[in-house]
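These notes are about the structure you will find just below.
Protein chains: 2
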Amino acid sequence: MPTTLSHPSSRRERRSIELRERLFRAAIQLFARKGFAETTVEDITNAADVGKGTFFNYFPSKEHILGAFGRLQISKVQAAADAAPSTRLPIQTFLRNLAFDVISKPAQNPAVVRALLQANLSSEPVRETMREIHGMATALLARIIEVGQQRGEIRKDLAANDIAPVLRQSLLGAMLIWSLYGDGSLESRIENVFKVLWNGMAAHVELPRSAVSPEEGKSR
Amino acid sequence: MPTTLSHPSSRRERRSIELRERLFRAAIQLFARKGFAETTVEDITNAADVGKGTFFNYFPSKEHILGAFGRLQISKVQAAADAAPSTRLPIQTFLRNLAFDVISKPAQNPAVVRALLQANLSSEPVRETMREIHGMATALLARIIEVGQQRGEIRKDLAANDIAPVLRQSLLGAMLIWSLYGDGSLESRIENVFKVLWNGMAAHVELPRSAVSPEEGKSR
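Taken in order, these protein sequences are the chains called L and X. Going by our numbering, the first residue of the first sequence is number 1, and it counts up by one from there. Going by our numbering, the first residue of the second sequence is number 1, and it counts up by one from there.
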């Protein structure tokens with residue numbers, strides 16, 4: 001889709017954005033209630049109170065709804081990656097704030113999270129979309145981690161590309177387990193991920209010298 | 001089921017164990033190929049080449065197959081928790097070995113992992129089983145972590161019960177993402193979880209004093 005004005009000027013544009021969002025929300029709620037596979041396009045258009053054909057003006061397929069949800073989350077990570085180089089916050093705080101921002105929507109509905117995780121695993125086209133989104137999210141996280149490394153706040157003996165997937169997997173794992181319970185534990189789970197992941201599990205930390213000053217490693 | 005002899009003495013017992021395993025394997029393969037919801041008990045008994053009624057001599061329902069898979073994995077964690085107090089290995093190595101042992105089976109088949117994760121999320125009875133298994137696994141991991149804390153190898157400023165879920169979620173998240181790709185990356189993902197989780201992400205580690213010697217915290 002070509003880029004449109006960021007402030008929709010005409011009524012028709014506003015209406016179009018409003019309709020797309022209505023379809024999106026109806027779909028996510030149905031996925032949560034009935035499951036992704038069991039939800040038809042007709043279910044979605046019925047729930048959104050629009051004609052069936054309207055759906056395809058906004059989404060080529062049901063799978064694209066999941067892609068849109070993923071991209072909605074990605075846009076927050078993208079904005080954070082752009083802002084990271086100029087943030088005055090410690091990178092730990094910056095990453096923690098980002099995590100809480102990204103989970104704020106899913107945290108409202110464990111059934112949606114379950115439906116999304118479930119759908120992600122179901123069919124090859126959806127997995128293709130998920131791999132794309134996962135790759136983007138991890139690359140963006142790696143950029144933020146690099147900023148932390150440049151500032152001397154994050155260890156440098158491991159590549160940002162090796163650290164980023166571990167952080168992302170830990171957060172995703174927390175979401176997965178939480179969604180089985182659907183209780184109020186998501187925030188404390190995320191908090192604990194940061195507590196443990198930031199300082200590690202070891203009592204006596206013996207980082208290689210290169211973790212703090214990588215130049216010495218390079219100059220040998 | 002009452003405990004049977006660990007070395008089945010009679011031919012009938014061996015045959016019974018063999019049949020149960022055949023049903024179990026056929027089911028897991030079908031879940032992977034067709035999906036959990038789409039697999040019927042008849043599909044399973046057909047694939048295992050036994051009469052339909054035979055299934056229910058071994059498993060009260062399809063869901064119980066997943067429970068059996070979970071308990072198979074749990075039994076490895078149980079054995080490790082029992083062995084931990086007397087191991088001569090550093091606890092980091094001990095935990096790493098356990099993780100590789102537990103993933104060795106699932107690693108052979110990403111489709112099975114996807115099917116299991118998917119099924120876990122699908123229906124309330126299955127989630128109930130999963131919560132049980134998850135709770136058991138996390139409690140057992142916490143016992144191993146406590147051994148590490150007693151030996152001064154794992155930080156003591158956090159409770160074992162707070163550290164254990166983070167480790168488990170990180171490993172589960174690695175499985176989840178890997179299962180989207182189904183490539184050869186699972187082992188290096190797990191390796192990286194330990195690399196990052198053990199020493200943490202921070203360059204300059206400033207653990208509270210209680211992390212190393214908790215007695216000082218107590219005596220105040």
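Note that beta-carbon positions come from the ideal geometry of N, C-alpha and C, so glycine has one too. All values reported here derive from a predicted model rather than from experimental measurement.
{"Asked": "At least one CB of chain L closer than 8 Å to the CB of R11 of chain X: is that the case?", "Found": "no"}
{"Asked": "How is A202 of chain L classed by DSSP in three states: helix, strand or coil?", "Found": "strand"}
{"Asked": "Can you tell which of L:D82, L:H64 and L:R168 has its C-alpha closest to the C-alpha of T138 of chain L?", "Found": "L:R168"}
{"Asked": "Pair every Cβ in the segment 42-59 of chain X with every Cβ in the segment 108-128 of chain X, then say whether three or more of these pairs are closer than 8 Å.", "Found": "no"}
{"Asked": "Using a Cβ cut-off of 8 Å (strictly closer), state whether G70 of chain X contacts chain L.", "Found": "no"}
{"Asked": "Since I154 of chain L sits in a beta bridge, which residues does DSSP pair it with?", "Found": "X:A202"}
{"Asked": "Kindly indicate which three-state DSSP category A37 of chain X falls into: helix, strand or coil?", "Found": "coil"}
{"Asked": "If you count every other CB in all the chains shown that lies within 10 Å of the CB of L60 of chain L, and 16 or more means buried, which is it?", "Found": "Looking at the sequence itself, residue 60 of chain L is Pro, so the reference to Leu does not match. The residue is exposed, with fewer than 16 neighbouring Cβ atoms inside 10 Å."}
{"Asked": "From what residue to what residue does the alpha helix (DSSP H) around F59 of chain X run?", "Found": "Counting along the chain, F59 of chain X falls outside any alpha helix (DSSP H), and DSSP gives it neither H nor E."}
{"Asked": "List, in order along the chain, the chain L residues whose C-beta lies closer than 7 Å to that of G53 of chain X?", "Found": "Ordered by position in chain L, no residue passes the 7 Å Cβ test against G53 of chain X, which lies about 29 Å from the chain."}
{"Asked": "In this structure, does DSSP put L89 of chain L in helix, strand or coil?", "Found": "coil"}
{"Asked": "Using a Cβ-Cβ cutoff of 8 Å, what residues of the segment 170-181 of chain X are near chain L? List them in chain order.", "Found": "S170, L171, L172, G173, A174, L176, I177, S179, L180 and Y181"}
{"Asked": "Output the boundary residues of the alpha helix (DSSP H) element that contains P110 of chain X.", "Found": "P110 to S122"}
{"Asked": "Between Q108 of chain X and F36 of chain X, is the Cβ-Cβ spacing less than 8 Å?", "Found": "no"}
{"Asked": "CB-CB under 6 Å to S179 of chain X, same chain, minus the five flanking residues each way: which ones, in chain order?", "Found": "P110, V113 and R114"}
{"Asked": "Could you round the C-beta distance between I190 of chain L and I74 of chain L to whole angstroms and report it? I think they count as a contact, below 8 Å.", "Found": "Not a contact, Cβ separation roughly 18 Å."}
{"Asked": "Sorted by chain position, which residues of the same chain lie with C-beta nearer than 6 Å to A27 of chain X's C-beta, five sequence neighbours on each side aside?", "Found": "I44 and I65"}
{"Asked": "What separation, rounded to the nearest whole angstrom, lies between the Cα atoms of D157 of chain X and A81 of chain X?", "Found": "22 Å"}
{"Asked": "Determine the DSSP secondary structure at G217 of chain L, reduced to helix, strand or coil.", "Found": "Low confidence applies to G217 of chain L: its pLDDT is 40, below 50, so where it sits in the model is not reliable enough to give any reading."}
{"Asked": "Between L95 of chain L and V193 of chain X, what straight-line distance do the alpha-carbon atoms span, to the nearest angstrom?", "Found": "18 Å"}
{"Asked": "Residues of chain B with CB under 8 Å from I154 of chain L, in chain order?", "Found": "Looking for chain B here will not work: the only protein chains present are L and X."}
{"Asked": "Exposed or buried, which one is I17 of chain L when buried takes at least 16 other CB atoms within 10 Å?", "Found": "exposed"}
{"Asked": "Could you say which of L:F31, L:A32, L:E13 and L:D101 lies nearest to L72 of chain L if we only look at CA atoms?", "Found": "L:D101"}
{"Asked": "Around the Cβ of G184 of chain L, are there at least 16 other Cβ atoms within 10 angstroms (buried) or fewer (exposed)?", "Found": "exposed"}
{"Asked": "Report yes or no: do three or more beta-carbon pairs, one from the segment 136-151 of chain X and one from the segment 138-156 of chain L, lie closer than 8 Å?", "Found": "no"}
{"Asked": "Tell me, to the nearest whole angstrom, how far the beta carbon of V166 of chain L is from that of V50 of chain X; I am working on the premise that it is less than 8 Å.", "Found": "Contact flag wrong, Cβ pair sits at about 44 Å."}
{"Asked": "Do you know whose CA, among L:A202, L:W198 and L:A203, lies nearest A203 of chain X's CA?", "Found": "L:W198"}
{"Asked": "Does the contact criterion of 3 or more C-beta pairs under 8 Å hold for the segment 124-143 of chain L versus the segment 76-93 of chain L?", "Found": "yes"}
{"Asked": "As a quick exercise: from L:E63, L:G173 and L:K34, pick the residue whose alpha carbon is nearest that of E128 of chain L.", "Found": "L:E63"}
{"Asked": "Could you tell me the boundaries of the alpha helix (DSSP H) in which H174 of chain L lies?", "Found": "One detail in the question is off: residue 174 of chain L reads as Ala in this sequence, not His. Counting along the chain, the alpha helix (DSSP H) containing A174 of chain L begins and ends at A160 to Y181."}
{"Asked": "First and last residue of the alpha helix (DSSP H) that includes D49 of chain X?", "Found": "No alpha helix (DSSP H) holds D49 of chain X; DSSP gives it neither H nor E."}
{"Asked": "Three-state secondary structure (DSSP) at G67 of chain X?", "Found": "helix"}
{"Asked": "Between N192 of chain L and chain X, is the shortest Cβ-Cβ distance under 8 Å, so that the two count as touching?", "Found": "yes"}
{"Asked": "So with CB distances below 7 Å, who are the chain L contacts of I163 of chain X?", "Found": "V196 and M201"}
{"Asked": "Going by other Cβ atoms of all chains shown within 10 Å of its Cβ, with 16 needed for buried, is L30 of chain X buried or exposed?", "Found": "buried"}
{"Asked": "Using a C-beta cutoff of 8 Å, does L117 of chain L count as contacting chain X?", "Found": "yes"}
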